[in-house]
Amino acid sequence: MTDNSFERTDSLRELIRNSPSLLMLIRRFGISLGFGNGSVAEICAREGIDTDTFLAVANFIENRAWRHFNIDLATLMVYLKNAHSYFLDFALPSIRRKLIEALPMTEQNSVAMLLLRYFDDYSEEVRLHMEYENHHVFPYIKSLLDGVDSGRFGIAEFEARHHSITPKLNELKEIFICHYKGEGNGDLLNSALYDIIGTEHELRDHCAIEDRILVPAAQSLEPKAVAKPAAEDSTEVSQELTAREREIVRCIARGLSTKEIANELFLSTHTVTTHRRNICAKLDIHSAPALTVYAIIHKLVDISEIKVQ
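Laid out in structure tokens, this is it:
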């Protein structure tokens with residue numbers, strides 16, 4: 000992180016010229032294009048936006064010092080709600096359209112259809128994640144701002160269930176980059192992959208803003224703040240699957256549970272769980288649908304063995 004932060008007197012036009020990613024930021028704060036040559040403070044004042052909150056988010060995204068800015072929660076929630084609309088109504092549907100055009104959707108039970116189904120399931124997960132925040136978290140914070148605490152909810156509850164929504168998108172990226180060798184429109188598929196990578200980065204920033212800016216600011220309005228536990232360290236492992244791990248991937252692709260895999264391979268459930276953990280670490284693929292696609296691409300199972308619901 001650089002100590003040199005964007006400040007109130009900086010020209011917003013120059014900031015965007017030097018950091019184009021801030022274009023998405025101004026949109027989510029409600030600043031329209033054609034804003035002229037004014038400073039950040041002047042343009043924020045004209046648009047009715049809290050300048051410190053704008054600068055805190057801008058500096059956070061650009062990995063610059065941001066903690067010395069005061070956070071206005073009402074302004075931050077407007078930003079987050081607009082970001083939700085962007086992801087749900089534009090970014091994810093746009094990627095889906097490109098995937099449909101890029102992939103050979105010729106058979107219902109095909110790798111292309113499995114990939115699209117995987118993306119649709121992921122999009123639904125993101126929708127539920129963001130709707131929970133829109134309908135539960137933000138109204139609760141609004142009640143705190145209004146001086147009303149119902150006692151039926153708390154930021155600690157949100158913090159405990161708040162999780163990153165990027166791993167599955169990363170899995171899809173890894174499948175395309177490392178494993179998918181099917182037919183399709185190469186240029187359009189690369190364009191879709193570029194959008195997937197960009198959306199993954201934006202979603203990671205979005206969740207980090209909620210964890211590191213929204214949560215502490217909201218907790219300061221509650222009687223007691225709950226500290227967030229430190230993330231566990233990850234370890235590096237070899238990426239090559241063993242024969243036993245390939246067997247387990249085949250079983251997962253066929254829809255078997257951990258207990259069923261243990262019975263079929265004469266292993267303990269603990270051993271199967273350990274193998275599954277190692278497989279996920281090696282491949283950076285963590286969900287059964289993504290492992291199923293991996294198994295089909297690498298011919299560990301025949302596609303006819305997969306039940307597509």
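Numbering follows numbering that gives the first Met the number 0, with no gaps: position 263 of the sequence shown is 262. Cβ coordinates follow ideal geometry from the N, Cα and C atoms, glycine included.
For K167, count the other beta carbons within 10 Å of its own beta carbon; 16 or more makes it buried, fewer makes it exposed. Which is it? Reading the sequence shown from its first residue, position 168 is the one you call residue 167. Answer is buried; the Cβ neighbour count reaches 16.
Mapping DSSP to helix, strand and coil, what is S142? Locating residue 142 in the sequence shown gives position 143, counting from the first residue. DSSP places S142 in helix when its eight states are reduced to three.
To the nearest angstrom, how far is the alpha carbon of A55 from that of S142? Within the sequence shown, residue 55 is the residue found at index 56, counting from 1. Within the sequence shown, residue 142 is the residue found at index 143, counting from 1. Approximately 23 Å, taken between the alpha carbons.
Coil, strand or helix - R66 by DSSP: The residue you call residue 66 lines up with position 67 of the sequence shown. Residue state, collapsed to three classes: coil.
Taking Cβ to Cβ, would you say L187 is nearer than 8 Å to A101? Residue mapping note: residue 187 aligns to position 188 of the sequence shown, counting from 1. Residue mapping note: residue 101 aligns to position 102 of the sequence shown, counting from 1. For L187 and A101, yes; Cβs fall inside 8 Å.
Does DSSP classify S122 as helix, strand or coil? For the purposes of this step, residue 122 is taken as residue 123 along the sequence shown, with counting starting at 1. The answer is helix: DSSP assigns S122 an H, G or I state.
Reference R160, options H135, A280 and N184, closest by Cα: One-based indexing of the sequence shown puts residue 160 at position 161. The residue with the shortest Cα to Cα distance from R160 is H135.
D301 - DSSP class collapsed to helix/strand/coil: Taking the sequence shown and counting its residues from 1, the one referred to as residue 301 is at position 302. Correct three-state label for D301: coil.
Answer yes or no: do A57 and L32 have a C-beta to C-beta separation smaller than 8 Å? In the sequence shown, counting from the first residue as 1, residue 57 sits at position 58. In the sequence shown, counting from the first residue as 1, residue 32 sits at position 33. Taking 8 Å as the Cβ cut-off, A57 and L32 do not qualify as a contacting pair.
With the cut-off set at 8 Å, would you say A73 and L144 are in Cβ contact? One-based indexing of the sequence shown puts residue 73 at position 74. One-based indexing of the sequence shown puts residue 144 at position 145. Yes.
Output the distance between the C-alpha atoms of F5 and L14, rounded to the nearest integer angstrom. For the purposes of this step, residue 5 is taken as the residue at position 6 of the sequence shown. For the purposes of this step, residue 14 is taken as the residue at position 15 of the sequence shown. Cα-Cα distance, rounded: 8 Å.
Which residue comes first and which comes last in the alpha helix (DSSP H) that contains G197? Residue numbering aside, residue 197 sits at position 198 when the sequence shown is read from its first letter. It spans G185 to I208 - the alpha helix (DSSP H) in which G197 sits, taken as one unbroken run.
Check each candidate in E221, L240 and M129 and name the one with the smallest Cα separation from N277. Your numbering for residue 277 matches position 278 in the sequence shown. Per the Cα distances, L240.
Check each candidate in G146, Y139, E170 and N36 and name the one with the smallest Cα separation from Y121. Start at 1 with the first residue of the sequence shown, and residue 121 comes out as number 122. It is E170.
Helix, strand or coil for S38? Go by DSSP, reduced to three states. By 1-based counting over the sequence shown, the position of residue 38 is 39. DSSP places S38 in strand when its eight states are reduced to three.
For a quick check, are the C-beta atoms of I284 and I295 less than 8 Å apart? In the sequence shown, the residue the question calls residue 284 occupies position 285. In the sequence shown, the residue the question calls residue 295 occupies position 296. No, the Cβ-Cβ distance between I284 and I295 is not below 8 Å.
According to DSSP, simplified to helix, strand and coil, what is S84? On the sequence shown, residue 84 is found 85 positions in, with the first residue counted as 1. DSSP places S84 in helix when its eight states are reduced to three.
Residue burial classification, I48 (beta-carbon count within 10 angstroms, cutoff 16): Residue numbering aside, residue 48 sits at position 49 when the sequence shown is read from its first letter. It counts as buried.
Where S93 sits in the DSSP three-state scheme: As a first step, residue 93 must be located in the sequence shown, where it is residue number 94. Three-state result, S93: helix.
For A111, I'd like the list of residues in its chain whose CB is within less than 8 Å of its CB, leaving aside the five on either flank, ordered along the chain. Indexing the sequence shown from 1 puts residue 111 at position 112. Closer than 8 Å at Cβ, skipping near neighbours: L102, P103, M104, T105, G181 and G183.
Any idea which residues DSSP pairs S256 with across the strands? The sequence position of residue 256 within the sequence shown is 257, counting from 1. S256 is not bridged to any residue.
Measuring alpha carbon to alpha carbon, tell me which of I60, Y85, K80 and I94 ends up nearest Y193. Numbered from 1 along the sequence shown, position 194 holds the residue referred to as residue 193. When only C-alpha atoms are compared, the closest one is I94.
Which residues does DSSP pair with S267 in a beta bridge? Here the question's residue 267 lines up with position 268 in the sequence shown. S267 is not bridged to any residue.
Closest by C-alpha distance to R253, when choosing among A242, V271 and V300: The count along the sequence shown starts at 1 and reaches residue 253 at position 254. Minimum Cα distance to R253 is reached at V300.
Just tell me which of D204, N262 and K298 has its CA closest to the CA of E61. Taking the sequence shown and counting its residues from 1, one reaches residue 61 at position 62. Per the Cα distances, D204.
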